[in-house]
Structures are given as structure tokens and as C-alpha cells.
Amino acid sequence: MKKKILLVLCVLFGLMFINAGLNKFFNYMPVPDDLPENMIKIMGAMMEISWLMPLVAVVEILGGILFMIPKYRALGAIVIFPIMVGIMLTHIIDAPSGLPMALAFLIVNLWVIFENRAKYMPMVK
Numbered sequence: 001m002k003k004k005i006l007l008v009l010c011v012l013f014g015l016m017f018i019n020a021g022l023n024k025f026f027n028y029m030p031v032p033d034d035l036p037e038n039m040i041k042i043m044g045a046m047m048e049i050s051w052l053m054p055l056v057a058v059v060e061i062l063g064g065i066l067f068m069i070p071k072y073r074a075l076g077a078i079v080i081f082p083i084m085v086g087i088m089l090t091h092i093i094d095a096p097s098g099l100p101m102a103l104a105f106l107i108v109n110l111w112v113i114f115e116n117r118a119k120y121m122p123m124v125k
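Mapped onto the UniProt record's numbering, the consecutive letters of the sequence shown carry residue numbers 1 to 125.
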């Protein structure tokens with residue numbers, strides 16, 4: 001049962017990140033009207049760095065795909081983790097309304113990392 005729950009969560013997690021990455025390239029999701037002013041400024045500043053958003057988009061798409069494939073899930077969890085840290089910090093500092101969803105994603109990411117901890121041990125020994 002635990003494996004099935006994890007599989008469903010990983011597929012949803014992966015699809016969300018693939019969607020977020022694709023949106024950075026194609027801008028098909030509208031910006032929410034109730035976005036805090038400081039978030040608009042932060043996003044504008046990040047877009048001034050011309051290479052940053054395409055890099056984040058590629059990492060989100062690649063990480064999302066890896067996250068959905070059980071064989072590569074451990075790698076996907078590590079690839080996505082720095083993005084998750086950025087998402088968490090952004091929501092903690094500037095947009096606390098999105099914190100519950102960001103926290104749920106972080107928990108799924110950490111769960112996958114924990115479940116695959118044996119695969120990471122050779123890197124730290």
C-alpha cells in the first residue's frame with residue numbers, strides 16, 4: 001500500500017514540476033491577481049537574469065520526469081531538491097499563503113530522499 005501511495009504522489013509531484021517548467025517557456029498559466037506586491041518585484045528581478053528562468057525550467061522538467069520513473073526517482077529527488085529549497089524560502093519569506101502546498105511538496109520530496117537513502121550512501125562514504 002505504501003508503494004502505491006508513493007507512486008501516485010510521485011507522479012503528481014512530477015507532473016506539477018513538468019507543468020511549472022513548461023509554463024516558464026510557454027506562459028500559458030495566468031499570473032494570479034492576488035499575488036503580493038513583493039512577489040511581483042522578486043519575480044521581475046529574477047527575470048532580469050536572462051539565463052535563470054530557462055535553467056530553472058529545464059531542471060523542473062528534467063527533475064519531474066525523473067521523479068515519475070521509479071528507476072530514476074532517487075536522482076529526480078536530488079535534482080528537484082534545490083528548487084524545493086527555493087520554493088520553501090520564497091513562501092516562508094514573501095508569500096506565506098502558498099506555504100501549505102509548498103510544505104506538502106517538500107514532504108513528498110524528503111520522503112523519496114529518505115526511501116532511497118541507501119542509494120546516496122556511496123556518495124558520502
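Glycine included, each C-beta is placed from N, C-alpha and C at the ideal position.
A direct Cα-Cα distance of roughly 31 Å separates P32 from R73. Pairing P100 with M46, the inter-Cα distance amounts to about 23 Å.
I83 and E60 have their alpha carbons spaced roughly 8 Å apart. If you check the CB distance, G64 and F114 do not come in under 9 Å. Counting every other CB atom within 10 Å of its CB across the protein chains shown gives A118 a total below 16, marking it as exposed. Contact between N109 and F81 holds: CB atoms are separated by about 6 Å, below the 8 Å threshold. Between the alpha carbons of N38 and K3 lies a gap of roughly 40 Å. For K41, the enclosing alpha helix (DSSP H) has its first and last residue at E37 to E48. One alpha carbon belongs to P122, the other to W111, and they sit about 19 Å apart. Taking a 10 Å sphere around the C-beta of L35, we find fewer than 16 other C-beta atoms and assign the residue as exposed. The alpha-carbon of K71 is positioned some 26 Å away from that of G86. L66 is classed as buried because its beta carbon has at least 16 other beta carbons within 10 Å across all chains shown.
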